[in-house]
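Trainee: What follows is a structure written as structure tokens; I'll ask about it next.
Protein chains in written order, with our numbering: chain A, -8 to 75; chain B, -8 to 75; chain C, -8 to 75; chain D, 347 to 434; chain E, 347 to 434; chain F, 347 to 434.
Spelled out as structure tokens, the structure:
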């Protein structure tokens, strides 16, 4: 609160950078997870239709899952529920 | 050694911050590990007695294990043993 | 491009430090991987001949693999191939 | 009002350094917790056939309970760690 | 020509901070991608008997195809994420 | 004696930056090594029934040997990497 304008700007920049970093990490983890679950055949070098469909569904499910977790996690952190 | 007082303080602050960060990471890893080993039933939203006991024993064992590893690791690093 | 000499030096130092960090992380991952794959017997405290050979081959294969991946990855990043 | 040099009521550079550091620690801890929670509950609750891109009823309620249980485990282990009871 | 204080054409300290930060982000992303790719393809392609320290023909071509497929999956998911289509 | 501006015998800002950076690298490396070692030996040595919160004799001696072998593997691979022998 008693930060100078320059320091406030610095904290905002820091938070922005952490959010970019976390998005990029999430992207990397999502690729690793869905590649691991969907791709097991290396007789060709390009994805076939079945692999493409598996990757697409995997990524969409992961994103929906992640959003639901985020919603529940936020509720718990805001104390709208007690851990009994 | 020829660091100014301000620089020494900066290094101490840096080391403190790394230790806090490492403790928080250890806490996160411990939760992930014991959750993964003990919780497999999602028909209720609260932990039952058996799950609570499993988590408690898992965490206590992990901490004791970690302390023993730390002790042995320090001995090796201090060169009190040779690697053959 | 319109960076001062001091700032250029800072970026070079930063990149050097990241490369050292990444090498050390790779070293740690390589040890973890080959230990995990080769060592399963804890009746003695020293590596036997078979374990040593397994670790050596594992590490050499991992490095060769990593170099091949690096080569292919660079080709793809330079756009010498299209993702069809 | 205040200036970069830190006179008057303004935080000193060292304080600012520490506050930024602490805010960063806290954020990193929460992000890592969220990521591990998301991974754990994905592995425990989501069917790996990947035919339908919607989450079905069973998956949704599993995720809700999984998040709750993960949160309880976090609280339990937090208490254990802060109790300071010597683990040996 | 330019001085540390950032007069004239020189970038201001804030800009430099941001450029260094962005360059670092980009590098971290690429390194992490490379590491996950290397791990994934090692697990999928390399025989675990560890008798011969050369990669055989089958392993080599598996690695090449694995890198290519990993790259395609990265591109696919990148498009999905940037399309901004609401996933629900 | 010395001042923040770095006159006299005092390290210059750049040197300090590098020393702090190197100390941090070293610490990060050791912490990561310790964490991977702890995880690996937990997975290899500790029974997963989680009935008794003490480590039994078998677990304790397994942990001691596991740490020693992990250390030997670290030394072996370190030599391999620093030998500079071209791996192909």
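Each residue gets a CB set at the ideal place from its N, CA and C atoms; glycine is no exception.
Bear in mind the structure is a predicted one, so any value in this text is a computation, not a measurement.
1) Return the residues of the region 38 to 50 of chain A that lie within a Cβ-Cβ distance of less than 8 Å from chain E, sorted by chain order.
2) How many angstroms separate the CA atom of residue 382(F) from the CA atom of residue 420(F)?
3) If I follow the unbroken alpha helix (DSSP H) through residue 423(E), where does it start and stop?
4) To the nearest angstrom, report how far apart residue 43(B) and residue 396(F) are at their CA atoms.
5) Please report the Cβ distance between residue 22(A) and residue 423(E), rounded to the nearest whole angstrom; I am assuming they are in contact, meaning their Cβ atoms lie under 8 Å.
6) Closest by CA to residue 304(E), which one among 50(C), 3(C) and 62(C)?
7) Could you give the DSSP three-state label for residue 384(F): helix, strand or coil?
8) Nearest by alpha-carbon distance to residue 46(B): which of 427(D), 372(D) and 370(D) is it?
9) Roughly how many angstroms lie between the CA atoms of residue 412(E) and residue 50(C), to the nearest whole one?
10) Residues in the same chain with beta-carbon distance under 8 Å from residue 398(E), minus the five sequence neighbours each way, listed in chain order, please.
11) Could you list which residues in chain B have their beta carbon closer than 7 Å to that of residue 362(D), in chain order?
12) Please state whether the Cβ-Cβ distance between residue 40(C) and residue 401(E) is less than 8 Å.
13) For residue 53(C) versus residue 388(E), is the C-beta spacing smaller than 8 Å?
14) Cutting at 8 Å between CB atoms, please list the residues of its own chain near residue 0(A), excluding the five before and the five after it.
15) So what's residue 4(B) in DSSP terms, helix, strand or just coil?
16) With a cut-off of 8 Å, does the C-beta of residue 28(A) fall near any C-beta of chain H?
17) Report the residue from 30(C), 67(C) and 8(C) whose alpha carbon sits nearest the alpha carbon of residue 394(E).
18) Measure the beta-carbon distance from residue 24(A) to residue 414(E) and round it to whole angstroms, keeping in mind my assumption that it falls under 8 Å.
19) Which bits of chain D does residue 57(A) rub up against, with CB to CB less than 7 Å?
20) Looking at C-alpha atoms only, which residue of 7(C), 57(C), 5(C) and -3(C) is the closest neighbour of residue 20(C)?
21) Drop a sphere of 10 angstroms on the beta-carbon of residue 405(E), count the other beta-carbons inside from all chains shown, and report buried for 16 or more, exposed for fewer.
22) In whole angstroms, give me the CA-to-CA distance for residue -5(A) and residue 2(A).
Mentor: Put simply:
1) Residues of the region 38 to 50 of chain A that bring their beta carbon within less than 8 Å of a beta carbon in chain E comprise 38, 42, 43, 46, 47 and 50, in sequence order.
2) Within the sixth chain, residue 382(F) is the residue found at index 36, counting from 1. Within the sixth chain, residue 420(F) is the residue found at index 74, counting from 1. When rounded, the distance between both Cα atoms is 11 Å.
3) For the purposes of this step, residue 423(E) is identified with residue 77 of the fifth chain, where counting begins at 1. Unbroken alpha helix (DSSP H) run through residue 423(E): 403 to 428.
4) Taking the second chain and counting its residues from 1, the one referred to as residue 43(B) is at position 52. Taking the sixth chain and counting its residues from 1, the one referred to as residue 396(F) is at position 50. If I take the Cα positions, the gap works out to 11 Å.
5) By 1-based counting over the first chain, the position of residue 22(A) is 31. By 1-based counting over the fifth chain, the position of residue 423(E) is 77. Contact holds; Cβ gap of about 5 Å.
6) This structure does not reach residue 304(E), given that chain E is present from 347 up to 434, and the question cannot be answered.
7) If you number the sixth chain from 1, residue 384(F) lands on position 38. Three-state DSSP puts residue 384(F) in a helix.
8) In the second chain, counting from the first residue as 1, residue 46(B) sits at position 55. Residue 46(B) has its Cα closest to that of 427(D), out of 427(D), 372(D) and 370(D).
9) Translated into the one-based positions of the fifth chain, residue 412(E) becomes position 66. Translated into the one-based positions of the third chain, residue 50(C) becomes position 59. Going from the Cα of residue 412(E) to the Cα of residue 50(C) covers about 20 Å.
10) Position 52 of the fifth chain, counted from the start, is the residue given in the question as residue 398(E). Same-chain partners within the cutoff: there are none.
11) Residue numbering aside, residue 362(D) sits at position 16 when the fourth chain is read from its first letter. Chain B residues near residue 362(D): none, gap ~12 Å exceeds 7 Å.
12) Translated into positions along the third chain, residue 40(C) becomes position 49. Translated into positions along the fifth chain, residue 401(E) becomes position 55. No, the Cβ-Cβ distance between residue 40(C) and residue 401(E) is not below 8 Å.
13) Counting from 1 along the third chain, the entry for residue 53(C) is found at position 62. Counting from 1 along the fifth chain, the entry for residue 388(E) is found at position 42. The answer is yes: Cβ separation under 8 Å.
14) Within the first chain, numbered from 1, the residue matching residue 0(A) stands at position 9. None.
15) Here the question's residue 4(B) lines up with position 13 in the second chain. The answer is helix: DSSP assigns residue 4(B) an H, G or I state.
16) Any reference to chain H falls outside this structure, whose protein chains are A, B, C, D, E and F.
17) Counting from 1 along the fifth chain, the entry for residue 394(E) is found at position 48. That would be 30(C), whose Cα lies nearest to the Cα of residue 394(E).
18) In the first chain, the residue the question calls residue 24(A) occupies position 33. In the fifth chain, the residue the question calls residue 414(E) occupies position 68. With a beta-carbon spacing of about 19 Å, residue 24(A) and residue 414(E) fall beyond the 8 Å limit used to define contacts.
19) Numbered from 1 along the first chain, position 66 holds the residue referred to as residue 57(A). By Cβ distance, chain D contributes 384.
20) Your numbering for residue 20(C) matches position 29 in the third chain. With distances taken between Cα atoms, residue 20(C) lies closest to 57(C).
21) For this step, residue 405(E) is matched to residue 59 along the fifth chain. Per the 10 Å Cβ criterion, buried.
22) Within the first chain, numbered from 1, the residue matching residue -5(A) stands at position 4. Within the first chain, numbered from 1, the residue matching residue 2(A) stands at position 11. Their backbone Cα atoms lie some 11 Å apart in a straight line.
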